[in-house]
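Peer 1: So the sequence shown is numbered by the numbering used here: it starts at 380 and just counts up by one.
Where is the CB? At the ideal position from N, CA and C, for every residue including glycine.
These numbers were taken from a predicted model, which means no experiment stands behind them.
This structure is in structure tokens; I'll ask about it shortly.
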Amino acid sequence: MENIRYSRNIPIYRDVDIVVAGAGPAGIGAAVCAARAGAKTLIFDQSGCVGGMATIGLVGPFMTCYDAQGKKQIIKGVFEELVERMAEKGGAIHPDDVGPECSYSGWYKIGHNHVGPFDHECFKKEATAMLKEAGADILLHTSFVDVLKEEDSITGVVIHNKAGLSLIRARQIIDCTGDGDVAMAAGEDFLLGNGKGEMQSATLFFRVCNVDSQKLDAHIKAHRDEIRPFYGPFSWLIRDKKEEWGIPRGEVCLFEGPVKGEYRMNVSRLLHLNGTNPEELTRGEIEGMEQTAHIFSFLKKYAPGFENAVFMGNAATLGLRETRHIKGKYRLTGEDVLAGRVREDSIAVLGTSIDMHNEKDEGGSYYVLEDKPYYGVPYACLVPEKTKNLLVAGRSISADETAFSSIRMIPCCIAFGQAAGTAAAMALRQGKSPADINPEELRQKLKEQNVYLGE
Ligand SMILES: Cc1cc2nc3c(=O)[nH]c(=O)nc-3n(C[C@H](O)[C@H](O)[C@H](O)COP(=O)(O)OP(=O)(O)OC[C@H]3O[C@@H](n4cnc5c(N)ncnc54)[C@H](O)[C@@H]3O)c2cc1C
380 MENIRYSRNI PIYRDVDIVV AGAGPAGIGA AVCAARAGAK TLIFDQSGCV
430 GGMATIGLVG PFMTCYDAQG KKQIIKGVFE ELVERMAEKG GAIHPDDVGP
480 ECSYSGWYKI GHNHVGPFDH ECFKKEATAM LKEAGADILL HTSFVDVLKE
530 EDSITGVVIH NKAGLSLIRA RQIIDCTGDG DVAMAAGEDF LLGNGKGEMQ
580 SATLFFRVCN VDSQKLDAHI KAHRDEIRPF YGPFSWLIRD KKEEWGIPRG
630 EVCLFEGPVK GEYRMNVSRL LHLNGTNPEE LTRGEIEGME QTAHIFSFLK
680 KYAPGFENAV FMGNAATLGL RETRHIKGKY RLTGEDVLAG RVREDSIAVL
730 GTSIDMHNEK DEGGSYYVLE DKPYYGVPYA CLVPEKTKNL LVAGRSISAD
780 ETAFSSIRMI PCCIAFGQAA GTAAAMALRQ GKSPADINPE ELRQKLKEQN
830 VYLGE
């Protein structure tokens, strides 16, 4: 591509203590905690609402917040507050009340105990209310463009919206874009997917209603013994009709929401897609839309319970499982996860399975922690190597491709946001870089916020 030099004066939109880029699950956790700690906080997002994949992506349910054996809830804090608020309004079922092998858990047994079905609108509304109550300023329809830097620190972020380009001056920056956009602009190193440029397949979710849940349940339970991850509901039907229909995923991954007969459908599959390339993203959105129409016709024709189902629409945006993983002070590995390692500086403990979707075909791999209840996510995974006043939270934290496949779930990302927001506010108060705060002091603060950090 040919390059040109572009320069202009832009207005300073705001001067804040902490700016959070991206208002998905991680951004919400980060901004709520930064603002509660008394920091002047602004959170912005390129879309028209907060929630990221949990709202515009139609993703759900909340993958488990329990330990690997399904015995104890281990992700609490802001996640628990949000779930309780939503459950009170009828917009979520608390994970305590949801078991495996049912419509809410997609009928899976392994790794799907205590998931949390929820309504996207309720998520949006309650998360927005929590941000406002905490005192965070919200700015929507605003994209991150670039950083201004002085030596190793960011002095402000350039944003773009309908008012044009402007600058938010900030003392601490938390990158919650999911793609590590801020970290990349700041010059941080990262892995793109598995480091060879291969990323897990993407999915455009869609939503259906008016499904006969009883009929569907009876059919799937009759095949109960065949079900395991990547060979789930209707894998028998997909195999049978492979030549004629060519369904892109080897199973129909479907989850009932809090309203009976309403399901979110995780079935489309966009292969060889680099989610940091706008042309490939465009191809993915279009192909995804074509796939979901095809899948829905297939289900209407063959799937018991779908005879009168109604297509309620595609997600507003493609679901990208994986893009950039920043290079932090520590990189979490698959080995750490499977060994149930809990480092001293852990800011969250997780029991979520390793759920890896292939880049090139309909399948994937799925591993559960067998004899350990959880593993720890070190604070150092949120701290990038070079920039002094930047933290990264959400799915782009420093992890290898295997560990990433576990840490990427919504409750986990809210927990990382909570740690990053709390850490940034501590750093600000102490006049330090987030890399230099005492992790034990951070852990104490998190425990005071009802975060469980293990025995
Ligand atoms: C297909 C699929 C299925 C999944 N299934 C489940 C599931 O069943 N259960 C579960 O718990 N998790 C699931 N996940 C994982 C989960 O949804 C994500 O990993 C999680 O939402 C990541 O949170 P985040 O805050 O890091 O990023 P996101 O949710 O991606 O949020 C990032 C936010 O940043 C904004 N943003 C991005 N770039 C910019 C920019 N340059 N400027 C301004 N704003 C920006 C976006 O608009 C978005 O709001 C799934 C994910 C996918 C893709």
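Please find out if some non-hydrogen atom of ligand 1 comes closer than 6 Å to the beta-carbon of Arg787.
Peer 2: Flag set: Cβ of Arg787 near ligand 1.
Peer 1: Whole-angstrom Cβ separation of Ala778 and Leu711, contact assumed at under 8 Å?
Peer 2: Correct: roughly 4 Å between the Cβ atoms.
Peer 1: Is it the case that the CB of Cys555 approaches a heavy atom of ligand 1 more closely than 6 Å?
Peer 2: Under cutoff, so the answer is yes.
Peer 1: Under the assumption that Ala402 contacts Val438 (Cβ atoms under 8 Å), give the Cβ distance between them as a whole number of angstroms.
Peer 2: At roughly 15 Å, the Cβ-Cβ gap does not stay under 8 Å, so Ala402 and Val438 are not in contact.
Peer 1: Mind listing, in chain order, the continuous alpha helix (DSSP H) runs of no fewer than 4 residues lying wholly within the region 611-654?
Peer 2: If we require 4 residues or more, the alpha helix (DSSP H) runs fully inside the region 611-654 come out as 614-619 and 621-624.
Peer 1: Decide if the region 745-754 is in contact with the region 462-480; the criterion is three or more beta carbon pairs, one per stretch, under 8 Å apart.
Peer 2: Contact fails: fewer than three Cβ-Cβ distances are below 8 Å.
Peer 1: Write down the C-beta distance between Ala682 and Phe613 rounded to the nearest angstrom, noting that I regard them as a contact closer than 8 Å.
Peer 2: Yes, they are in contact, since the Cβ atoms of Ala682 and Phe613 sit about 6 Å apart, within 8 Å.
Peer 1: Rounded C-beta distance between Thr766 and Asp531? I'm assuming under 8 Å.
Peer 2: Indeed, because the Cβ distance is near 6 Å, the residues count as touching under 8 Å.
Peer 1: Is there at least one non-hydrogen atom of ligand 1 closer than 6 Å to the beta-carbon of Met644?
Peer 2: Met644 Cβ: outside cutoff for every heavy atom of ligand 1.
Peer 1: How would you label Asn817, buried or exposed, when you count the other beta carbons within 10 angstroms and need 16 or more for buried?
Peer 2: By the 10 Å Cβ count, Asn817 comes out exposed.
Peer 1: Where does the unbroken beta strand (DSSP E) through Thr534 begin, and where does it stop?
Peer 2: Start and end: Ser532 to Asn540.
Peer 1: Please list the terminal residues of the continuous beta strand (DSSP E) segment that includes His736.
Peer 2: From DSSP, the beta strand (DSSP E) with His736 extends over Ile733 to His736.
Peer 1: Can you check DSSP and say which residues form a bridge with Gly707?
Peer 2: Beta-bridge pairing links Gly707 to Pro763.
Peer 1: Report the option in Gly427, Val716 and Ile547 whose CA atom is closest to the CA atom of Ala782.
Peer 2: When only C-alpha atoms are compared, the closest one is Val716.
Peer 1: Assign Asp734 to buried or exposed, taking buried as 16 or more other Cβ atoms, counted over all protein chains shown, within 10 Å of its Cβ.
Peer 2: Asp734 should be labelled buried.
Peer 1: I'd like to know whether the C-beta atoms of Phe585 and Thr661 end up nearer to each other than 7 Å.
Peer 2: Against a cut-off of 7 Å, the Cβ pair of Thr661 and Phe585 comes out as no contact.
Peer 1: Express the C-alpha separation of Glu701 and Cys501 in angstroms, rounding to a whole number.
Peer 2: Looking at the two C-alpha atoms, the distance is approximately 26 Å.
Peer 1: Going by Cα to Cα distance, which pick from Gly692, Phe685 and Phe609 is closest to Glu669?
Peer 2: When each option's Cα is compared against that of Glu669, the closest is Gly692.
Peer 1: Once you ignore the five residues that flank Asp596 on each side, which residues in its own chain have a CB closer than 7 Å to its CB?
Peer 2: So the list reads Ser482, once near-sequence residues are dropped.
Peer 1: Which term fits Glu820, buried or exposed, when burial requires 16 or more other beta carbons within 10 angstroms of its beta carbon?
Peer 2: Exposed, because fewer than 16 other Cβ atoms sit within 10 Å of the Cβ of Glu820.
Peer 1: Rounded to whole angstroms, what is the Cα-Cα separation between Arg618 and Gly773?
Peer 2: Rounded to the nearest angstrom, the two C-alpha atoms are 36 Å apart.
Peer 1: Is there contact here, the region 570-583 with the region 791-799, by at least three beta-carbon pairs under 8 Å?
Peer 2: Result no; under three Cβ-Cβ pairs closer than 8 Å.
Peer 1: With respect to 6 Å, is the separation between the Cβ of Ser426 and the closest non-hydrogen atom of ligand 1 below this value?
Peer 2: Yes; taking the cut-off as 6 Å, the Cβ of Ser426 has a heavy atom of ligand 1 nearer than that.
Peer 1: Look up Ile397 in the DSSP assignment and say whether it is helix, strand or coil.
Peer 2: Of the three classes helix, strand and coil, the one that applies to Ile397 here is strand, per DSSP.
Peer 1: What does a CB cutoff of less than 7 Å around Met442 pick up in its chain, not counting 5 residues either side in sequence?
Peer 2: Around Met442: Val494, Thr731, Met788, Ile789 and Pro790.
Peer 1: Quick test of the definition: if touching needs 3 or more C-beta pairs under 8 Å, does the region 598-614 touch the region 723-730?
Peer 2: No contact exists between the region 598-614 and the region 723-730.
Peer 1: Cβ of Ala845 versus every heavy atom of ligand 1: is any distance shorter than 6 Å?
Peer 2: The structure shown does not extend to residue 845, since the chain is modelled only from 380 to 834, so the question has no answer here.
Peer 1: I need the boundaries of the beta strand (DSSP E) containing Val561, first residue and last residue.
Peer 2: Unbroken run through Val561 is the alpha helix (DSSP H), Asp560 to Ala564; no beta strand (DSSP E).
Peer 1: Can you tell which of Asn768, Leu807 and Val756 has its C-alpha closest to the C-alpha of Ile793?
Peer 2: Selected option, being the one with the closest Cα: Val756.
Peer 1: Go ahead and label Asp558 buried or exposed: buried means 16 or more other beta carbons lie within 10 angstroms of its beta carbon, across all protein chains shown.
Peer 2: So Asp558 counts as buried.
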